[in-house]
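Residue numbers (this note's numbering): -17 to 589.
Shown next, in structure tokens, is the structure this report addresses.
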């Protein structure tokens, strides 16, 4: 009898466990808007990385952002891991609760039918940012984003938002800067600065109308309060438990081991693209992107010619990106990526998935800007994650000698280490060094293809004035140490420390063969001269160099005591930096050292 009772008890426990697991899976299947993208601004990505380096999940896919259902399932597997502490599990469950809702924004109307669901809502945000001290200024941002979202059946999710952004932007010191006529020029110095060096970015469309003049224009730095627009679009579908994903989106993306990676970074301006992802096996993934790049300012005649002495061209390009991820063991991931910035035309050869762009170019002709990269990711138990990335813009083996110091070879590389801090609870530490060589990401203006107004094409690796890859200009290096802490309930604290080195030379110099660190200054020679005759690289000594040491603390706090919202966020930053210059033998006058301090505060209702 006791044996029967034991068997019955075991069966009952098994039944309850199976019921609970089925209930959780069913709950995820009933989640509304499950194929919606979770934006890169969400702190859930740092939480996922924290558990990734702890060994609570496999190495995560490098092509971000992820869909809501993918994140929910990953968080669920983390919560069920027996090595996760109760405190860590509580935080994971809070994110599961947040993401299980249809949307966090204000719900204005919603409804459902047999196989469909629809929602009209509103998200909003406001931020005040200010520099402190000499030549400081304020950035003011207020936005409202009405949105429409819904599901068609179990596989298709759509989401679209459009709203005004009332703003006055004050950039950082180096935004738009250049070196010419023996001086370093800062075009926005009269406006003032509200960001630490090299940190300026913005979300609104790059066309706005000042309230005072009521005249629209492509200048993002207006000095006066202006009205712009924010919009985002998503149409995403998923089949076979996420093994096949299709989407048409206008979002920011990060395809690499870090947000600030070398191939496609979160700092790049968002652009519309068709995407699909295949994951037939846990250890095999393929991602594909075909997007449209733009820059409204570049469409005007002779764009930047007064600076560079030639028309840098109109940016009207497409962008194709392939990424193949192979994970032969739980602790090792190898990733191959191929990218192509190509003039807008109906070139089917560049639209075909699975064919890396370099093979297509062999048949289509050398009219475009191609790149390739390799990433190696190692996850060491009880130690952390180590990764190395090598980005190849162009490489020549013709000449003998130190190939890595030849400017003809345009490349970038990163080495990173991510781990949990043993002496700080629930703290993620990320340390990396990034190096971008001169002329990487650059390209000569393409004149061999016809344009709408007989101007060349801007073929640089950029979109709307920002690099697609690493956020710093060519010929730069950065040490970056970032700490992210989740120890306090609902609070994410981040401290980012940077040491930046960047060098260039005088754009007006009569000597062509100089080292430049400017995406619009490509490597060229006079007719008949050998491009290999450039001097070898001597980083920090072969031009005028700026050095920046900065530290910034950021907080993001979710307040959950609201009758209409799951939460709203308070966020802010405080930071300081010092920049100095070393002229070496460049002949350029080094500016006086600059000290910076910034502070910001904002509130947001996430969509």
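Ideal Cβ positions, reconstructed from N, Cα and C, are used throughout, including at glycine.
Worksheet entry | Reduced DSSP secondary structure (H/G/I, E/B, other) of residue 238 | If you number the chain shown from 1, residue 238 lands on position 256. Annotated three-state conformation of residue 238 is coil, per DSSP.
Discussion item. For residue 194, list the residues DSSP reports as bridge partners.
Written reply: As a working mapping, residue 194 is identified with position 212 in the chain shown. Bridge partners of residue 194: none, in fact.
Practice prompt. Evaluate the contact criterion for the region 476 to 493 versus the region 528 to 535: three or more CB pairs, one atom per stretch, below 8 angstroms.
Written response: Below 8 angstroms, enough C-beta pairs join the region 476 to 493 and the region 528 to 535 to call them touching: three or more.
Worksheet item: Can you tell me where the alpha helix (DSSP H) with residue 69 in it begins and where it stops?
Response: Translated into positions along the chain shown, residue 69 becomes position 87. Start and end: 68 to 82.
Discussion item. Among the candidates 293, 369, 547, 498, whose CA atom is the shortest distance from the CA of residue 436?
Written reply: Counted from its first residue, the chain shown places residue 436 at position 454. The option with the nearest alpha carbon to residue 436 is 293.
Fill in: Same chain, Cβ closer than 6 angstroms to residue 368, neighbours up to 5 away in sequence not counted
On the chain shown, residue 368 is found 386 positions in, with the first residue counted as 1. Non-local beta-carbon contacts of residue 368 in its own chain, meaning distances under 6 angstroms to residues more than five positions away in sequence, involve 360, 399 in chain order.
Worksheet item: Ends of the beta strand (DSSP E) at residue 304?
Response: Along the chain shown, one-based indexing puts residue 304 at 322. Counting along the chain, the beta strand (DSSP E) containing residue 304 begins and ends at 299 to 311.
Practice prompt. Would you give the residue range spanned by the alpha helix (DSSP H) that residue 532 belongs to?
Written response: The count along the chain shown starts at 1 and reaches residue 532 at position 550. In the DSSP assignment, residue 532 falls outside any alpha helix (DSSP H) and within the unbroken beta strand (DSSP E) covering 526 to 541.
Worksheet item: Between which two residues does the beta strand (DSSP E) containing residue 269 stretch?
Response: As a first step, residue 269 must be located in the chain shown, where it is residue number 287. Per DSSP, residue 269 belongs to the beta strand (DSSP E) from 266 to 274.
Practice prompt. Note down the Cα distance separating residue 242 from residue 417, rounded to an integer number of angstroms.
Written response: The residue labelled residue 242 in the question sits at position 260 within the chain shown. The residue labelled residue 417 in the question sits at position 435 within the chain shown. Residue 242 and residue 417: Cα-Cα distance of roughly 12 angstroms.
Discussion item. As a quick exercise: from 266, 317, 279, pick the residue whose alpha carbon is nearest that of residue 238.
Written reply: Sequence index remark: in the chain shown, residue 238 carries index 256 (1-based). Minimum Cα-Cα distance from residue 238 among the listed residues 266, 317, 279 corresponds to 317.
Worksheet item: What are the partner residues of residue 367, as DSSP defines its beta bridges?
Response: By 1-based counting over the chain shown, the position of residue 367 is 385. Per the DSSP secondary-structure output, residue 367 pairs in a beta bridge with 361, 400.
Worksheet item: For the 8 angstroms Cβ check, are there 3 or more pairs between the region 112 to 121 and the region 166 to 185?
Response: Segments in contact, yes.
Fill in: Alpha carbon of residue 5 to alpha carbon of residue 51, nearest angstrom
Stepping through the chain shown from its first residue, residue 5 is reached at position 23. Stepping through the chain shown from its first residue, residue 51 is reached at position 69. Reliability of the predicted coordinates at residue 5 is poor, the pLDDT of 43 falling under 50, and the value obtained from them is presented with this limitation in mind. Approximately 15 angstroms, taken between the alpha carbons.
Item to complete: With distances taken Cα to Cα, identify the nearest neighbour of residue 282 among 65, 235, 438.
Response: To locate residue 282, count along the chain shown from 1; it is residue 300. Sorting 65, 235, 438 by C-alpha distance to the C-alpha of residue 282 places 438 at the top.
Fill in: Proximity winner among 42, 185, 225, relative to residue 635 (alpha-carbon distances)
Past the edges of the chain, shown from -17 to 589, lies residue 635, and the structure says nothing about it.
Worksheet item: Do residue 73 and residue 13 come within 8 angstroms of each other at the CB atom, strictly closer than that value?
Response: As a working note, residue 13 is residue 31 in the chain shown. As a working note, residue 73 is residue 91 in the chain shown. Taking C-beta atoms as the reference points, residue 13 and residue 73 fail to come closer than 8 angstroms.
Practice prompt. Look at the alpha carbon of residue 106 and the alpha carbon of residue 132, and state the distance between them as a whole number of angstroms.
Written response: Mapped onto the chain shown, residue 106 falls at position 124. Mapped onto the chain shown, residue 132 falls at position 150. Each residue's alpha carbon lies about 19 angstroms from the other.
Fill in: Beta-carbon gap between residue 138 and residue 85 smaller than 8 angstroms
What you label residue 138 is simply residue 156 of the chain shown in a count that begins at 1. What you label residue 85 is simply residue 103 of the chain shown in a count that begins at 1. No, the pair does not count as a contact, with Cβ atoms beyond the cut-off.
Worksheet item: So residue 323 is in the beta strand (DSSP E); what residue range does that whole segment cover?
Response: In the chain shown, counting from the first residue as 1, residue 323 sits at position 341. Bounds of the beta strand (DSSP E) holding residue 323 are 314 to 325.
Worksheet item: In the DSSP assignment, what are the bridge partners of residue 503?
Response: The residue given as residue 503 occupies position 521 in the chain shown. Bridge pairing for residue 503: absent [DSSP].
Fill in: Rounded straight-line distance, which links the Cα of residue 589 to that of residue 59
One-based indexing of the chain shown puts residue 59 at position 77. One-based indexing of the chain shown puts residue 589 at position 607. Those two C-alpha atoms are separated by around 25 angstroms.
Worksheet item: Taking three-plus beta-carbon pairs below 8 angstroms as touching, is the region 324 to 334 in contact with the region 377 to 391?
Response: The region 324 to 334, when compared against the region 377 to 391, does not touch it at the 8 angstroms Cβ threshold.
Fill in: Whether residue 129 touches residue 143 by CB criterion (8 angstroms)
Numbered from its first residue, the chain shown carries residue 129 at position 147. Numbered from its first residue, the chain shown carries residue 143 at position 161. Closer than 8 angstroms, so yes.
Discussion item. Using only the alpha-carbon positions, how far apart do residue 537 and residue 449 sit?
Written reply: On the chain shown, position 555 is the one that residue 537 refers to. On the chain shown, position 467 is the one that residue 449 refers to. C-alpha separation (whole angstroms): 26 angstroms.
Discussion item. To the nearest angstrom, how far is the alpha carbon of residue 7 from that of residue 223?
Written reply: As a position in the chain shown, residue 7 is number 25, starting the count at 1. As a position in the chain shown, residue 223 is number 241, starting the count at 1. For residue 7, the pLDDT reaches just 46, beneath the cut-off of 50, and the residue's location in the model is therefore unreliable, although a value from the coordinates is still provided. Between the alpha carbons of residue 7 and residue 223 lies a gap of roughly 12 angstroms.
Discussion item. Please report the straight-line C-alpha distance between residue 110 and residue 358, rounded to a whole angstrom.
Written reply: One-based indexing of the chain shown puts residue 110 at position 128. One-based indexing of the chain shown puts residue 358 at position 376. Going from the Cα of residue 110 to the Cα of residue 358 covers about 40 angstroms.
Discussion item. According to DSSP, simplified to helix, strand and coil, what is residue 597?
Written reply: For the chain, the structure presents residues -17 to 589; residue 597 sits outside this window and is missing.
Worksheet item: Which stretch, first to last residue, makes up the alpha helix (DSSP H) that contains residue 428?
Response: On the chain shown, position 446 is the one that residue 428 refers to. It is not in any alpha helix (DSSP H) - residue 428 carries neither H nor E in the DSSP assignment.
Worksheet entry | Ranges of the alpha helix (DSSP H) found wholly within the region 15 to 68, counting only runs of at least 4 | Taking only runs of at least 4 residues, the alpha helix (DSSP H) segments lying wholly in the region 15 to 68 are 26 to 35, 50 to 61.
Discussion item. Below 8 angstroms on the Cβ atoms is my contact criterion, and I expect residue 519 with residue 419 to pass it. Report the Cβ-Cβ distance as a whole number of Å.
Written reply: Counting from 1 along the chain shown, the entry for residue 519 is found at position 537. Counting from 1 along the chain shown, the entry for residue 419 is found at position 437. Sure, about 7 angstroms apart at Cβ, within 8 angstroms.
Discussion item. I need the boundaries of the alpha helix (DSSP H) containing residue 330, first residue and last residue.
Written reply: The sequence position of residue 330 within the chain shown is 348, counting from 1. Note, residue 330: premise wrong, no alpha helix (DSSP H); not H, not E.
Discussion item. By DSSP's criteria, residue 551 is part of a beta bridge. Which residues make up the other side?
Written reply: Residue 551 sits at position 569 when you count from the first residue of the chain shown. Beta-bridge analysis with DSSP links residue 551 to 540, 586.
Worksheet item: residue 308 to residue 263, Cα distance in whole Å?
Response: As a first step, residue 308 must be located in the chain shown, where it is residue number 326. As a first step, residue 263 must be located in the chain shown, where it is residue number 281. The C-alpha of residue 263 is placed about 10 angstroms away from the C-alpha of residue 308.
Practice prompt. State the DSSP-derived secondary structure class of residue 11, mapped to helix, strand or coil.
Written response: Your numbering for residue 11 matches position 29 in the chain shown. Three-state result, residue 11: helix.
Worksheet item: Between the region 264 to 284 and the region 298 to 307, are three or more C-beta pairs nearer than 8 angstroms?
Response: Touching, yes, given that three or more Cβ pairs across the two stretches are closer than 8 angstroms.
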